[in-house]
Structures are given as structure tokens and as C-alpha cells.
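Here the sequence shown is numbered in this note's numbering, starting from 117 and rising by one per residue. We put the beta carbon where it would ideally sit given N, CA and C, even for glycine.
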Amino acid sequence: MFRRRGVFCAAHCVWIAVLWFGVTACHSVRPLLPPTPERVVVSDGWLAMGTFFDVDLRVAPDSVAAANAWLAWTREEVARLEAIYSKYDPESEISVLNRALARGELQSEPMPVSPELTSLILGSAEVWARTGGAFDVTVGPLIDVWQRAVARRAWPSDEELREAKLRSGMERLLLGEGGLRVRGAGMRLDLDGISKGAVLDHLGRDFRARFAGAAALLSFGESSILAIGDPDGAGWRLGVTSRDPDVGELARVVLRDRALSVSSSVGSVSEIGGEPVSHVVDARTGSIVRGTVEAVVIAASATEADAWSTALLALGARKKSVQIVERAGLDAYVYESGGRTIVSQGWDEFVSF
Numbered sequence: 117m118f119r120r121r122g123v124f125c126a127a128h129c130v131w132i133a134v135l136w137f138g139v140t141a142c143h144s145v146r147p148l149l150p151p152t153p154e155r156v157v158v159s160d161g162w163l164a165m166g167t168f169f170d171v172d173l174r175v176a177p178d179s180v181a182a183a184n185a186w187l188a189w190t191r192e193e194v195a196r197l198e199a200i201y202s203k204y205d206p207e208s209e210i211s212v213l214n215r216a217l218a219r220g221e222l223q224s225e226p227m228p229v230s231p232e233l234t235s236l237i238l239g240s241a242e243v244w245a246r247t248g249g250a251f252d253v254t255v256g257p258l259i260d261v262w263q264r265a266v267a268r269r270a271w272p273s274d275e276e277l278r279e280a281k282l283r284s285g286m287e288r289l290l291l292g293e294g295g296l297r298v299r300g301a302g303m304r305l306d307l308d309g310i311s312k313g314a315v316l317d318h319l320g321r322d323f324r325a326r327f328a329g330a331a332a333l334l335s336f337g338e339s340s341i342l343a344i345g346d347p348d349g350a351g352w353r354l355g356v357t358s359r360d361p362d363v364g365e366l367a368r369v370v371l372r373d374r375a376l377s378v379s380s381s382v383g384s385v386s387e388i389g390g391e392p393v394s395h396v397v398d399a400r401t402g403s404i405v406r407g408t409v410e411a412v413v414i415a416a417s418a419t420e421a422d423a424w425s426t427a428l429l430a431l432g433a434r435k436k437s438v439q440i441v442e443r444a445g446l447d448a449y450v451y452e453s454g455g456r457t458i459v460s461q462g463w464d465e466f467v468s469f
């Protein structure tokens with residue numbers, strides 16, 4: 117069910133680029149596949165949801181006007197969904213909800229939530245259950261504890277972590293006809309580990325309905341990718357590359373109608389007493405994820421890929437981890453500092469050489 121591979125050095129960051137003759141993009145996913153006579157490239161990109169959103173479409177020549185119209189609609193639709201999911205917008209639905217939670221509300225009276233937010237919370241709960249709590253959108257109070265610890269340059273106490281754990285846990289969320297209620301005060305939801313995938317899936321469904329047979333590559337921040345169709349008969353060729361020069365390229369994959377997500381425990385690292393402190397917290401224990409853990413997940417939906425790549429940072433490169441992934445019908449590639457690397461049984465189906 118799994119195979120161990122060679123040693124990789126610790127990586128500081130991972131990004132994805134479309135490959136053509138070995139060229140790798142640096143700051144965004146830039147398709148470098150040449151257009152075919154039957155396909156025209158229509159592309160755009162802008163800042164959204166705290167990162168950069170890239171769109172590359174390959175459509176028939178007579179669909180260019182419609183593709184540009186779709187890009188205009190996409191810009192508005194991403195903004196609409198950002199106003200629901202994004203913690204970077206203080207007036208977003210999730211920000212308003214978190215302020216209510218901070219005030220101790222929603223314990224007796226439910227708060228109405230949008231269909232989009234309801235769907236995302238339910239999807240988060242499913243991954244939470246399948247991963248044994250390794251993916252948990254209620255991890256916010258624990259993250260706050262570690263951020264305060266970094267700010268004062270002192271390790272958090274056991275009591276601080278115990279208290280924060282009492283304010284987290286998906287089992288404390290109750291969704292009903294009246295909306296969302298919670299058991300316990302001081303909770304906070306963070307949807308960053310799943311919301312970008314949900315946006316990509318929403319856009320992908322609309323694109324497929326409007327442009328049958330066309331191809332598209334949609335990307336958030338070089339780490340959440342949805343590949344639709346086949347741009348040139350050879351699939352969307354993606355390179356996963358570490359910014360650590362000692363590591364270089366980690367993998368090459370070919371995708372058709374699949375999503376890919378990359379997560380890393382070392383995207384933002386602070387220090388306490390000279391020891392590194394990862395930005396990733398294991399919701400099951402309240403501890404930070406130590407060392408380098410990087411996970412690449414391929415799934416039918418970008419929502420699943422995002423959530424599972426986040427969960428695998430806590431689950432690590434272990435036999436049990438990849439077994440859980442395979443039971444969910446996904447494929448993954450997980451690597452840790454120290455040389456432990458695992459891949460799912462179906463991973464090689466996507467590998468490009």
C-alpha cells in the first residue's frame with residue numbers, strides 16, 4: 117500500500133508550475149504549454165482570498181468572446197465567495213460569525229448561515245471524521261495560543277493549551293434548520309485549509325457546463341489547483357518544486373479532470389528560544405508540527421485535495437496515514453525531514469517523467 121523513497125532535505129516552501137521543456141514558474145502557475153490550432157489561450161489573474169488567483173483557459177477560436185465573459189463573471193463570483201469564506205475580509209460572513217463566537221453567542225440561539233458556508237462546514241466535518249481530527253477548522257484558539265507564545269518568545273503552558281483545546285473541536289458545532297449553534301464559548305473557525313478548493317470546484321462546475329470539451333487550469337496561490345480537460349492531448353503537466361535549492365524538483369504529475377493541493381509545515385516559521393515554531397498546529401494534541409512535513413494530494417475535487425493535504429501535515433509520512441488517504445479514494449505523496457517519504461498505491465498513475 118505504500119513505498120518508501122529516497123531522502124529529501126528540509127524544504128522552506130513548495131510551489132507548483134506548469135512544465136514545458138523543464139521550465140518552472142516562480143511566483144504563479146504560468147502555463148507554458150503551447151496552444152494547439154484548435155485551442156486559443158484566454159487567461160487572467162488577480163489578488164483574491166489573501167493570495168493570487170490564476171486562470172488559464174484553452175477554448176475553441178469561436179469561444180474566445182464567451183471565455184472573456186466567463187472571466188468577468190469569475191472575477192465577480194470569486195469576490196462574492198470571498199465575502200463568505202475569507203478571514204482577510206473583516207466583513208465576510210466567517211469574520212462576522214467569528215466575532216459572534218468570541219462574544220460567547222450561538223450557544224443558546226443559532227445563527228443563520230449561508231448555503232455555501234453550511235456546505236463547507238459539513239464538508240469539513242466529513243474530513244475531520246475521516247482523519248481522526250487531524251483536519252479541524254475549529255483549531256483557531258490553539259493557533260492563537262501559539263501566536264501569543266511566539267510574540268512573547270516563551271513556550272505556551274500546558275494550561276494554556278488545555279484551555280484552548282476546550283474551545284476547539286468539530287464535535288462542538290451543531291448545524292440545524294435554524295443555522296449554526298456551538299457547545300462552549302470562545303470558538304473560532306478558520307477555513308483557509310479548505311475554502312480555496314471549494315471556490316475552485318464551484319468555478320469548475322460552471323466552466324464545464326458552459327464550455328464542453330474545453331480545458332482550464334485554475335489556481336490559488338500556487339498550492340491549490342484544479343485541472344479541467346486536456347489542453348493538448350498530453351494532459352496538464354505540473355511540477356511540484358521546493359524553494360530549497362538542495363531539494364529542487366519534488367515531483368512531476370499529469371492531470372486531467374483532477375485537483376491537486378500542496379501543503380507545507382514550513383511555509384511560515386518563527387522561533388522560541390532558538391527553536392523553530394511551525395505555523396501548523398495539530399488540532400488533536402494542540403502541539404505544533406515539528407520538522408519538515410510536505411504533502412501533495414490528488415483528488416477528484418479541489419475541496420477534498422485542500423483539506424487532506426492540510427490534514428497530512430499532522431498525520432505525517434506514516435503507513436497509517438496513506439492507508440487513511442487510500443480508503444478515502446485519494447492519492448498522496450508525503451515527505452518529511454529525516455528521509456521518510458510515502459506515496460499512495462495509485463500515485464504512479466499521475467507521475468510524469
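Problem - V180 (DSSP reduced to helix, strand or coil) - result: helix
Practice task
Keeping to the same chain, check which residues put their C-beta closer than 8 Å to that of A367; ignore five residues upstream and five downstream.
Solution key: G355, V356, V412, Y449 and V467
Practice task
Could you tell me whether the region 440-449 touches the region 252-270, using the rule of 3 or more Cβ pairs below 8 Å?
Solution key: no
Problem - Local Cβ density within 10 Å of Y204, reported as buried at 16 or more and exposed below that - result: exposed
Problem - Cα-Cα separation between A176 and D160, rounded to whole angstroms - result: 17 Å
Exercise for the section: For my contact list, P226 and G294 are in at a C-beta cut-off of 8 Å; report their separation, rounded to the angstrom. Expected result: 4 Å
Problem - Residues near S417 by beta carbon distance below 8 Å, same chain, minus five either side - result: G313, D317 and A375
Handout entry: DSSP-derived helix/strand/coil call for F323
Key = helix
Practice task
Counting only the same chain and skipping the five closest in sequence on each side, list residues whose C-beta sits under 7 Å from that of F137.
Solution key: With a pLDDT of only 27 at F137, under 50, the local geometry of the prediction cannot be trusted, and no value is derived from it.
Practice task
In angstroms with no decimal places, state the Cα-to-Cα distance between G432 and H395.
Solution key: 15 Å
Practice task
Taking only the alpha-carbon atoms, compute the straight-line gap between Q461 and L446 and give it to the nearest angstrom.
Solution key: 10 Å
Practice task
Mind reading off the beta-carbon distance from V378 to R353? Whole number of angstroms is fine, and I expect it under 8 Å.
Solution key: Rounded, the Cβ-Cβ distance is 16 Å, inconsistent with contact.
Practice task
Note down the Cα distance separating G249 from A399, rounded to an integer number of angstroms.
Solution key: 7 Å
Practice task
Assign L278 to one of two classes, buried (16 or more other C-beta atoms within 10 Å of its C-beta) or exposed (fewer than that).
Solution key: This sequence places Arg at residue 278; Leu is not what is there. Flag for R278 reads exposed.
Exercise for the section: Return helix, strand or coil for T419, following the three-state DSSP convention. Expected result: helix
Exercise for the section: Report yes if the C-beta distance between S386 and V397 is below 8 Å; otherwise report no. Expected result: no
Handout entry: Beta-carbon spacing of T408, V438 below 8 Å
Key = no
Problem - Assigned exposure category for L238 - 16 Cβ within 10 Å defines buried - result: exposed
Handout entry: Of the residues E365, S340, K436 and A331, the one placed nearest A350, counting alpha carbons only
Key = A331
Handout entry: Contact check, L213 vs L305, beta carbons under 8 Å
Key = yes
Problem - Rounded straight-line distance, which links the Cα of T419 to that of V459 - result: 20 Å
Handout entry: Y201 and L236 closer than 8 Å at C-beta
Key = yes
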